[in-house]
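A.B. asks: Below you'll find the structure I mean.
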Amino acid sequence: MMAVALAALALLATLWLARISAVLRLRGAARPAGSPPIRTMVVLGSGGHTSEMLSLVGSIDRAKYAPLLYVLARSDSTSLHRVEAAERARARPAEGSQSAAGGPCEVLRVPRSREVAQSYLTSVFTTLYALSTSFAILLRTRPSLLICNGPGTCIPICLAAFALRLLGIKYVTIIYVESVCRVRSLSMSGKIMIHLADKFLVQWPQLASRFPKSTYVGRVC
């Protein structure tokens, strides 16, 4: 009986490793995005990260990328106010135009993996909580595209999106845009996401030359 159980576990482990290998091979491969609108999730980190992402989001066609799902930390009230202000501005028609540039959107809140000055021991539990909350959000909303640029807030969301791939539930295309502040080295989030993202975009040629998995796109935000 023990031998049968061990054989079954070995088979399950083999199948799971094969599944992970297959998903990793698909990472970065061209995938049909489907007909617009494309359900898009954007993670706002806070501070300068939020500024960069709002600048990037402001340049996309909201008719093609909709609805827009903003994800931000529950304790990040500043980013929430900035999102609300940006969406109000887009809801107003531009001068000389009869239509507004905005579109349907939703704000989703997640717990932080680690607050400032929080001990590393307790952060293990808050990280697991953030990951489970992120997985529940991804499972409910099922975006087709996920865009982020760090910092740590984006990691649980991206891991949850990757888990959906492994489970065969939904292939969420992940695009990570490294902050323009990173000129010669990757951020901590970037060092993780370069192994998970379908497209890892950098804004300085020095980074692209150091990290072959990245793609230099120039200044985008």
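Numbered per mature numbering (1 follows the signal peptide of the UniProt record, and there is no 0), the sequence shown spans residues -22 to -1, 1 to 199. Glycine included, each C-beta is placed from N, C-alpha and C at the ideal position. Since the structure is predicted, the reported quantities are computational estimates derived from the model, not experimental observations.
Pull the bridge partners of Ile169 from the DSSP assignment, please.
C.D. replies: For the purposes of this step, residue 169 is identified with residue 191 of the sequence shown, where counting begins at 1. Note on identity: in this sequence residue 169 is Lys, with Ile being the wrong assignment. According to DSSP, which records beta bridges pairwise, Lys169 is partnered with nothing at all.
A.B. asks: Look up Cys199 in the DSSP assignment and say whether it is helix, strand or coil.
C.D. replies: Numbered from its first residue, the sequence shown carries residue 199 at position 221. Coil.
A.B. asks: Please determine if the segment 140 to 147 and the segment 156 to 170 are in contact, where contact requires at least 3 C-beta pairs separated by less than 8 Å.
C.D. replies: Touching, no.
A.B. asks: So if DSSP puts Phe178 in a beta bridge, which residue, or which two residues, is it bridged to?
C.D. replies: Counting from 1 along the sequence shown, the entry for residue 178 is found at position 200. BP columns for Phe178 point to Tyr154.
A.B. asks: Go ahead and pull the three-state DSSP assignment for Arg17.
C.D. replies: Sequence index remark: in the sequence shown, residue 17 carries index 39 (1-based). Three-state result, Arg17: coil.
A.B. asks: Measuring alpha carbon to alpha carbon, tell me which residue in Ala139, Leu47, Trp182 and Thr151 is nearest Cys159.
C.D. replies: To locate residue 159, count along the sequence shown from 1; it is residue 181. Per the Cα distances, Trp182.
A.B. asks: Tell me the DSSP bridge mates of Arg87?
C.D. replies: Indexing the sequence shown from 1 puts residue 87 at position 109. According to DSSP, which records beta bridges pairwise, Arg87 is partnered with Leu50.
A.B. asks: Please list the terminal residues of the continuous beta strand (DSSP E) segment that includes residue 200.
C.D. replies: In this structure the chain extends from -22 to 199, so residue 200 is not present and cannot be described.
A.B. asks: With a cut-off of 8 Å on the beta carbons, I'd call Cys199 and Ser167 a contact; round off their distance for me.
C.D. replies: One-based indexing of the sequence shown puts residue 199 at position 221. One-based indexing of the sequence shown puts residue 167 at position 189. The pair is not a contact, with the Cβ atoms about 15 Å apart (cut-off 8 Å).
A.B. asks: Which partner residues does Lys131 have in the DSSP bridge list?
C.D. replies: The residue you call residue 131 lines up with position 153 of the sequence shown. For clarity, residue 131 is Thr in the given sequence; the question names Lys instead. Looking at the DSSP assignment, Thr131 forms no beta bridge with any residue, so it has no partner.
A.B. asks: Run through DSSP, which three-state label would Tyr107 get?
C.D. replies: Within the sequence shown, the letter at position 129 stands for residue 107. Looking at Tyr107 - three-state DSSP - the assignment turns out to be helix.
A.B. asks: With a threshold of 6 Å on Cβ separation, who are the neighbours of Ile153 within its own chain once the five nearest residues in sequence on each side are excluded?
C.D. replies: Against the sequence shown, residue 153 aligns to sequence position 175. Hits under 6 Å: Ile125 and Lys177.
A.B. asks: Under the rule that 16 or more other beta-carbon atoms within 10 Å means buried, what is Leu185, buried or exposed?
C.D. replies: Within the sequence shown, the letter at position 207 stands for residue 185. Classification of Leu185: buried, given that the 10 Å Cβ count is 16 or more.
A.B. asks: For Tyr149, does the three-state DSSP call read helix, strand or coil?
C.D. replies: Here the question's residue 149 lines up with position 171 in the sequence shown. Residue state, collapsed to three classes: coil.
A.B. asks: Would you mind reading off the limits of the alpha helix (DSSP H) that contains Gln184?
C.D. replies: Looking up residue 184 in the sequence shown gives position 206. Counting along the chain, the alpha helix (DSSP H) containing Gln184 begins and ends at Pro183 to Arg188.
A.B. asks: I need the straight-line Cα distance from Ser97 to Leu106, nearest angstrom please.
C.D. replies: On the sequence shown, residue 97 is found 119 positions in, with the first residue counted as 1. On the sequence shown, residue 106 is found 128 positions in, with the first residue counted as 1. When rounded, the distance between both Cα atoms is 15 Å.
A.B. asks: Identify, in the order they occur along the chain, each residue of the same chain with its Cβ nearer than 7 Å to the Cβ of Lys191, setting aside the five sequence neighbours on each side.
C.D. replies: Here the question's residue 191 lines up with position 213 in the sequence shown. Correct list, in chain order: Ile172 and Phe178.
A.B. asks: Would you list the residues sitting across from Thr193 in a DSSP beta bridge?
C.D. replies: Here residue 193 refers to the residue found at position 215 of the sequence shown. BP columns for Thr193 point to Leu179.
A.B. asks: Quick one: is Pro82 buried, meaning 16 or more other Cβ sit within 10 Å of its Cβ, or exposed?
C.D. replies: Residue numbering aside, residue 82 sits at position 104 when the sequence shown is read from its first letter. Counting Cβ neighbours within 10 Å, Pro82 comes out exposed, since fewer than 16 surround it.
A.B. asks: Given 8 Å as the limit, is there contact between the segment 55 to 68 and the segment 100 to 115, that is, 3 or more CB pairs closer than that?
C.D. replies: Verdict: no, contact absent.
A.B. asks: How far does the alpha helix (DSSP H) with Ser97 in it extend, from its first residue to its last?
C.D. replies: Numbered from 1 along the sequence shown, position 119 holds the residue referred to as residue 97. Note, Ser97: premise wrong, no alpha helix (DSSP H); not H, not E.
A.B. asks: Take Ala138 as the anchor and find which of Asp39, Thr111 and Val102 has the nearest alpha-carbon.
C.D. replies: The residue given as residue 138 occupies position 160 in the sequence shown. Measuring from the Cα of Ala138, the nearest candidate turns out to be Thr111.
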